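In terms of UniProt numbering, the sequence shown has 199 at position 199, counting the first letter as 1, and numbering is strictly consecutive.
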Amino acid sequence: MANPSMEQVVAMAGEYNLIPVAIRLLADMETPIRIFQRYAERKRAFLLESVEGGVQWARYSFIGTDPFLMITGKKGKIEIERNGECSLLKGKPVEELKALLRTYRSPQLKEMPPFTGGAIGFFGYDLLQYYEKLPAHAMDDLGMDDIRFMFCDQVIVFDHVKQQIMLVGNVHVKPGDSDENIRQSYRDVCRSLEAAAEQLQEQGPRENVNSKGIPADVAMGDIKSNMTKEKYLSNVEQAKEYIRAGDIFQVVLSQRFHIETEVSPLHVYRVLRTLNPSPYMYYLKMDDDIIVGTSPEALVKVDGRRLETRPIAGTRPRGSDEAEDQALADDLLQDEKERAEHLMLVDLGRNDLGRVSEFGTVKCDTFMEIEKYSHVMHMVSSVSGQLSEDKDFFDAFLSCLPAGTVSGAPKLRAMEIIAELEREARGAYAGAIGYLGFGGNMDSCITIRTIIFRQGKAYVQAGAGIVWDSVPEKEYEETVNKAKGMLKAIRVAEAMFPSSTDANDLINQDYLYQYTP
């Protein structure tokens, strides 16, 4: 039975022009991965998942494919693809994205998940160049878009609490539609949802026992970087000169690594979500690029009028037992350098939210708490505010992008120095990935701990925060170690699933079973 009812949708049509409708299916023997693998080979598809606090699966996972609209933007050129037809525009991509989303008015219904359709994709690091006088990087070898978003009005939602699948569609209400037109649109959406439900049941894989396990260690092979070690060390020294001169307090300098691989990106995602579960996990397939990541850090979340950002700064490995774990947590909390850097980034987050929040509403909800994940622990704070009446989630987003944790402080001067020293454009790295809901909600994370798959190569970029007393060799090693954590997942996936193994052959989050259609 669909919810809301036909007559409820007709009643809402006077105020809204896009109304979500959902049916529920029992899914106690399903997983999001098994569902998503049916769509992973399509031209465009997405999977969004989350583990809260590193230990508990968030309530919802979101899956979608076959967007009805696609928008991309690069260097002032915008392309909009709708119903197989493309239109070209010039201007600021975010403004066009904003205009497209504002044509939809959708209710936030209590019985629905926070996302019932909208735009899913990424914002590049260099997006702020449209709004501030910032220098361009000397090179842009990857040539990634400044924005790329898929508009989806049908979403598969996996409800982990109720062990149900919600199939969500949206009734489009056109100007001048009569009540009967709306009822017919409702019937069409329900038929589409029922067809999707039948397709899921028809394609349900059957399982065969498979004993393949996760290898404890793998050879990393040939890893290449976009700069030499000497160049990175020199960049750190130059950044410290800027700090001593008073230009900045901190700057995040990165390098980009790549390896060649033929492994299925879906297998890599499965390894990552098992070995490094995070608050933001994503698999985005958009034409020739596949973006896979497990980011621990939110950029900004908008729920109704409430804003939240969660700065992360300060990391320690997990201990071998409870006593060592606590000792490492205490050491992190007592580290004056880590505390000073964290405080600076919390202040930056407060300033970012303050520009778009009602006066006096910005506050620090939690401060310097330890959040533990499978392999590391982080020092995390939470800053919130109430969105001003004359602002929307785009204003909140632009105020926070890029995060101070991947740029520096003061932000604009740090970005100028990054462009000077790194030279190659960051592309998606250090930008944001997430969803922009038709109903006004937004959730986005910083694009870190992320792999970009393109034409037989996998790219991983990682940075380190440089302050006045940074040791160049240690900062270099930090970038290498961060990148290796992601690159290792690729090598593990290669060992577990040789290139002759198709992504559809072996699907289960714990690797204990083999599935064949």
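We put the CB at the ideal spot given by N, CA and C, even for glycine.
Please read all numbers here as calculations on a predicted model, not as lab measurements.
- Counting only runs of 4 or more residues that sit fully inside the region 216-256, the alpha helix (DSSP H) segments are 229-244, in chain order.
- For the pair PHE249 and ALA409, the CB atoms are nearer than the 8 angstroms cut-off.
- Secondary structure at GLN154: coil, using DSSP grouped into helix, strand and coil.
- Note: THR315 is bridge-paired with HIS378 in the DSSP secondary-structure output.
- For the region 70-124, the continuous beta strand (DSSP E) assignments of 3+ residues that do not extend past its boundaries occur at 77-82, 85-90, 118-123, in sequence order.
- Residue environment analysis places GLY64 among the buried positions, since at least 16 neighbouring C-beta atoms fall within 10 angstroms of its C-beta.
- Just measuring C-alpha positions, the residue of THR274, GLU308, ARG310, ALA327 sitting nearest ARG316 is ALA327.
- Taking the Cα positions, MET286 is about 24 angstroms away from ASN276.
- The criterion of a C-beta distance shorter than 8 angstroms is not satisfied by PHE158 and TYR280.
- Taking one beta carbon from each stretch, the region 107-116 and the region 154-172 have 3 or more pairs nearer than 8 angstroms; the two touch.
- Within the same chain, Cβ atoms closer than 8 angstroms to the Cβ of PRO107 are found at MET12, GLU15, TYR16, ILE19, PRO20, GLY439, the five residues on either side in sequence being excluded.
- Shown here, ASP146 sits in coil according to DSSP, grouped into three states, outside any helix or strand.
- Counting C-beta pairs closer than 8 angstroms gives fewer than three between the region 23-39 and the region 121-140, which falls short of the contact rule.
- Beta-carbon to beta-carbon, MET368 and ARG339 are separated by about 7 angstroms, close enough to satisfy the 8 angstroms threshold.
- Annotated as proximal: SER254 and GLN461, with beta-carbon spacing under 8 angstroms.
- Within the region 359-405, the runs of alpha helix (DSSP H) that reach at least 4 residues and sit entirely inside it are, in chain order, 393-400.
- Contact check for LEU348 and GLY404: beta-carbon distance about 4 angstroms, within the 8 angstroms limit, so the pair qualifies.
- The alpha carbon of GLU297 has as its nearest neighbour, out of SER234, SER50, GLU7, LEU233, the alpha carbon of SER50.
- The three-state reading of DSSP puts GLU424 in strand, counting E and B together.
- LEU436 and LEU89 do not touch by the CB rule: their CB atoms are close to 19 angstroms apart, not below 8 angstroms.
- Contact between THR309 and LEU353 holds, since their C-beta atoms are separated by about 6 angstroms, short of 8 angstroms.
- Of MET1, ASP321, TYR459, HIS342, the smallest CA-CA separation from ASP289 is found for TYR459.
- Residues LEU69 of the same chain have their beta carbon placed closer than 6 angstroms to that of ARG82, with the five preceding and five following residues left out of the count.
- Taking a cut-off of 8 angstroms for Cβ pairs, the region 482-494 and the region 254-268 touch, as three or more such pairs fall below it.
- By the C-beta density criterion, PHE359 is exposed, having fewer than 16 other C-beta atoms within 10 angstroms.
- Nearest to LEU333 by C-alpha distance, out of GLN238, TYR130, VAL380, is VAL380.
- In the structure shown, TYR429 adopts coil according to DSSP, grouped into three states.
- Here MET415 has LEU134, SER407 as same chain residues with Cβ atoms under 6 angstroms from its own Cβ, once five neighbours each way along the sequence are excluded.
- Relative to the Cα of LEU387, the nearest Cα in the group VAL356, LYS162, GLU424 belongs to VAL356.
- Here PRO67 is buried. Its C-beta has 16 or more other C-beta atoms within 10 Å.
- For the 8 angstroms CB-CB criterion, PHE453 and VAL218 do not form a contact.
- Boundaries cannot be given for GLY439, as no alpha helix (DSSP H) includes it and DSSP labels it neither H nor E.
- Partner residues in the beta bridge of HIS258, as assigned by DSSP, are LYS224, TYR459.
- Taking the Cβ atoms as the reference, VAL173 lies roughly 11 angstroms from VAL189, outside the contact range of under 8 angstroms.
- With contacts defined as CB atoms closer than 8 angstroms, PRO93 and GLY121 fail to qualify as a contacting pair.
- Beyond the five residues adjoining it in sequence on each side, ASP335 comes within less than 8 angstroms, by CB distance, of GLY314 in the same chain, given in chain order.
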